[in-house]
Structure formats: C-alpha cells, structure tokens
Amino acid sequence: MKKLNRREFVQTTTAAGVAAAAGPATLFGQAPTVMTPKSVKPVVVSSANGNRYKNGGTKTCVETAFGLITSGSDVLDALIAGVNIVELDPEDSSVGYGGLPNADGVVQLDSCCMHGPKKRAGGVAEIEGVRTPSKVAQLVMDQTDHHLLVGKGAQDFARNMGFKIEDDLNTEKSRKAWLEWKRRTDPLHYLSPKDRDSAHHRVAMEMIADGWIDPEHYYGTINCDGISPKGEICGVTTTSGLSWKIPGRAGDSPILGAGLYVDGDVGAAGSTGRGEANLYNLCSFVIVDEMRRGAHPKDAALTALKRVAKNTIEKRLLNAKGQPNFGLNFYCLNAKGEYAGVAMYQSTYAVCTENGAQTVPMEALFEGRPTD
Ligand code: ASP
Numbered sequence: 008m009k010k011l012n013r014r015e016f017v018q019t020t021t022a023a024g025v026a027a028a029a030g031p032a033t034l035f036g037q038a039p040t041v042m043t044p045k046s047v048k049p050v051v052v053s054s055a056n057g058n059r060y061k062n063g064g065t066k067t068c069v070e071t072a073f074g075l076i077t078s079g080s081d082v083l084d085a086l087i088a089g090v091n092i093v094e095l096d097p098e099d100s101s102v103g104y105g106g107l108p109n110a111d112g113v114v115q116l117d118s119c120c121m122h123g124p125k126k127r128a129g130g131v132a133e134i135e136g137v138r139t140p141s142k143v144a145q146l147v148m149d150q151t152d153h154h155l156l157v158g159k160g161a162q163d164f165a166r167n168m169g170f171k172i173e174d175d176l177n178t179e180k181s182r183k184a185w186l187e188w189k190r191r192t193d194p195l196h197y198l199s200p201k202d203r204d205s206a207h208h209r210v211a212m213e214m215i216a217d218g219w220i221d222p223e224h225y226y227g228t229i230n231c232d233g234i235s236p237k238g239e240i241c242g243v244t245t246t247s248g249l250s251w252k253i254p255g256r257a258g259d260s261p262i263l264g265a266g267l268y269v270d271g272d273v274g275a276a277g278s279t280g281r282g283e284a285n286l287y288n289l290c291s292f293v294i295v296d297e298m299r300r301g302a303h304p305k306d307a308a309l310t311a312l313k314r315v316a317k318n319t320i321e322k323r324l325l326n327a328k329g330q331p332n333f334g335l336n337f338y339c340l341n342a343k344g345e346y347a348g349v350a351m352y353q354s355t356y357a358v359c360t361e362n363g364a365q366t367v368p369m370e371a372l373f374e375g376r377p378t379d
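Note that our numbering has the sequence shown beginning at 8, numbered continuously upward.
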C-alpha cells in the first residue's frame, strides 16, 4: 500500500476523529474506510438554493459542505451540515422549516441520503414536526436495518432519537400563503379531477404572478452531492415536496433511485422538480448506471431526461410542441470528480470547488421554460 503523505495522514485521522465525535457507534459496526489516496479534485454540487440561503450565517450550503469535506469531515456529515442551513432557513419555502405545506396546511417533509463508501442509505417520507428531516434520514441509515420510515413512524423514530417534535413547521409566510391558496381554489376543495387540475394550475400561476410563491419554489427541494479528495462520494436530498400536495403524498425525494442515488465506486445523482415524472423513470438510478457504463454525468442525465420525455404521453403534461410541460433537474458527479447540472428546461445550479462557490447555468434538454 502506498505510504500516506502528511496531508493525507492528517485528513484520515481528522476524519476518524470527526466520525468518533459524531455520536454513538452504529448498530452495524462499519469497517474502517480504506485509504486509497486518489488525486480527485473535491467538488460539491447542488440545486441553486444551495448557493443562496445562509440562515443568517455567513456561508451557503455548498460552501459549508465543501469546507468540511476539505477539512477531512465525513462527506455525508458535511453535505447534511450544508443542507441543514437550507432546511432551517425560513426563507426557503421548499425545504424544511417554512416549506410550503400540503393541502391541509400541514408541512410534511421528505428526505433521503446515501453514503458511498459505507454502501448504506436511509430516508424518511411525510415526516411532520422536525425541521431537519435529512438528519433523521441519516439516523435511519445509521441506527436501523431499514431504508425508509414514513409518517407517524418516522416522527416517533425521530422523537426516540432525541429530536424535538414541533407542533407546526409553518412560518407566518407559509401559513398565509396556504390560506390564500385555500381561499382561491375552492372551499369545497375536492373538485372533479379535471376541474381540480385546471383550478390548481390557474391558481398556482396566479399566486406566482401575485408574488405569493417564489417562481423557483412552487417545485423546490435541495439535493446536494459531494466527492472528497479521497474519492468518497455521498449525497442527500431534502424537501417539503410539492406545494399543496394531497396529505400523505410522498414524492421522489425520499425514494432511493429517484430523488437520489449514490454508488460510491461510480458517482451520485439527485433531483429537484416534478417528482412523479422522476418516480416513474427512477432517473437517479438510471444516471448512475449510465455513468457506470462510462457516460459523462451530463450525457448520463440527458439520457434520463430523454426517457422522461418519451414516457410522458398524457396531454395534460405536454406543451403545444408535445414536450413535457414541467421542470425536472439533475445534479450529478462521478468518481473522477466530473460533474454536471442538467435540466428539462434552462435553469441554474450551485457548484463549489477550490475556486469557490458559483451559481451556473444547467445544460438543458429543451429551450425556454415550461409554461406551467
Ligand atoms: N421533487 C420534489 C417532489 O416532487 C419537489 C421539487 O423538487 O420541487 O416532491
């Protein structure tokens, strides 16, 4: 085995120290991470909100995660510390505290995470009362034999793990936006499916135009993926899901293979956007599998988006050109440290490298923007 130079030795021992300080040992003792020094340039990619919100602090999600990774922290611990900033920031209405609630006015959150080197995963869906579902997802990974806990079970698990359960994760702003939505749709709410679709669509567009909803956050989520200098890859996705969803609806974000997929030997991919389209096509899994076959992250994600386009045949989901009339975005990186942000329609994403954090344009399958 190659001898470690001082820097690599310090990184390894620091990482071990951070892991030891992180809390109780896992139920299923992990073999120590094998040090295979590689010359990978570390990078963190995320949805654009990962380089926007600071929750009153000085650093964004990608800056925080990148700083921790390059100081030797476990990659997943670093990514989760990054997305926690967005989950806790009431200004991001698509994630965690202050995320737009479901049709009953209740904030229900979804999250999952994957640890490449440990080959472990965990997730929670429709959890209420916990601002940082990504942390609960990580505990599902570390402290249970399961991959997904939902609803009340997920909340009970969080309580048992020592989380404070709050009555309501709405902020004044998200509660008022929900009231406005309720007022505008219909007090009876359950219209015929056809009328409901068109009422929802019309009201969503009106509320965006009237400034009730950030256009970027009618859909919205944060996915964040990173690779360390040692080539360790992890990812996390966390969201309040589709605004005004039917209570109990889980989207793609907590589902392994859809909202996130990581293979520590190959790469990571995660998503934001229309969860139903992603769930039908399991795009994050497809993207990682394409990368396994040698595709660059950009081409891998374009393959997945083309599959979504081919499988979208319902008229209500298509624009006048027959293209999917919704946004769907992927953030991907491979084991070489190559990365890409690829979207159905033009958008931006966040990247942090040794040159600092940037918000940059994504590769788009189609020009323009969806009309809904
Ligand atoms: N993908 C998320 C969901 O469908 C929402 C989003 O990213 O906007 O729940």
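Note that beta-carbon positions come from the ideal geometry of N, C-alpha and C, so glycine has one too. All figures in this text were calculated on a predicted structure; none of them were measured in a lab.
Below-8 Å beta-carbon distance, residue i vs any chain C residue
| i | result |
| --- | --- |
| P124 | The structure shown has no chain C; it contains just one protein chain. |
Check: residue i C-beta below 7 Å from any heavy atom of the ligand ASP
| i | result |
| --- | --- |
| T151 | no |
| S291 | no |
| R138 | no |
| S278 | yes |
| L309 | no |
| D232 | no |
| L249 | yes |
| T245 | no |
| G282 | yes |
| K348 | Before going on, a small fix: residue 348 reads as Gly here, not Lys. G348: no, Cβ never under 7 Å from the ligand ASP. |
| G271 | no |
| G130 | no |
| S181 | no |
| S205 | no |
| S80 | no |
| S260 | yes |
| D221 | no |
| G227 | yes |
Any non-hydrogen atom of the ligand SAM within 7 Å of residue i CB
| i | result |
| --- | --- |
| S101 | Looking for the ligand SAM in the displayed structure turns up nothing; the ligands present are the ligand ASP. |
Simplified DSSP state of residue i, which is helix, strand or coil
| i | result |
| --- | --- |
| E370 | strand |
| E133 | strand |
| F292 | helix |
| R127 | strand |
| D217 | coil |
| H122 | strand |
| V143 | helix |
| T40 | Unreliable placement is indicated for T40, whose pLDDT of 44 sits below 50; the coordinate value is still reported in the next sentence. The answer is coil: DSSP assigns T40 none of H, G, I, E or B. |
| T20 | Summary for T20: the model assigns pLDDT 36, below 50, so the residue's position carries little reliability; its value from the coordinates is reported in the next sentence. Note: T20 maps to helix in three-state DSSP. |
| T33 | Per-residue confidence for T33 stands at a pLDDT of 41, beneath the threshold of 50, marking its modelled position as unreliable; no derived number is given. |
| P331 | strand |
| F337 | strand |
| S205 | helix |
| I76 | helix |
| M424 | Since the first residue shown for the chain is 8 and the last is 379, residue 424 is missing from the structure and cannot be characterised. |
| N91 | helix |
| Y60 | coil |
| Q162 | helix |
| T279 | strand |
| I240 | strand |
| S53 | strand |
| L155 | coil |
| D84 | helix |
| P287 | With the sequence shown as reference, residue 287 is identified as Tyr, and Pro is not the correct amino acid for it. Three-state result, Y287: helix. |
| M168 | coil |
| N362 | coil |
| A316 | helix |
| G258 | coil |
| A342 | coil |
| T178 | coil |
| L11 | Residue confidence for L11 is low, a pLDDT of 41 falling below 50, so the modelled location carries little weight and cannot support an answer. |
| T67 | coil |
| D111 | coil |
Whole-angstrom C-beta distance between residue j and residue i, which should lie under 8 Å
| i | j | result |
| --- | --- | --- |
| A275 | C290 | That pair is no contact at about 13 Å. |
| P254 | V69 | The pair is not a contact, with the Cβ atoms about 32 Å apart (cut-off 8 Å). |
| E239 | V82 | 5 Å |
| G129 | H154 | 6 Å |
| C231 | V51 | 7 Å |
Nearest to residue i (by Cα), restricted to the options the options
| i | options | result |
| --- | --- | --- |
| E361 | P331, I240, I234 | I234 |
| C339 | S260, E321, V358, G280 | V358 |
| T378 | A364, V367, Q353, R190 | Q353 |
| V273 | M148, G344, D152 | G344 |
| F73 | A284, G103, P236 | P236 |
| V93 | S53, F373, G129, K159 | S53 |
| N62 | V90, I134, L372, W185 | V90 |
| A316 | A110, E283, S101 | E283 |
| D99 | L263, G329, A55 | A55 |
| P304 | P49, E370, R166 | E370 |
| S278 | R59, N336, M168, P108 | N336 |
| I294 | A307, N285, N288 | A307 |
*Could you say if the region 74-88 and the region 209-229 meet the contact criterion of at least three C-beta pairs nearer than 8 Å?*
no
*When the Cβ atoms of the region 300-309 are set against those of the region 244-261, are three or more pairs found closer than 8 Å?*
no
*Counting Cβ pairs, one atom from each stretch, are 3 or more of them under 8 Å apart for the region 133-152 and the region 204-217?*
Contact between the region 133-152 and the region 204-217 is absent, because fewer than three Cβ pairs lie under 8 Å.
*Within the chosen definition, does the region 103-119 reach the region 175-187 through at least 3 CB pairs nearer than 8 Å?*
The count of Cβ pairs closer than 8 Å, one atom from the region 103-119 and one from the region 175-187, reaches three, so the stretches are in contact.
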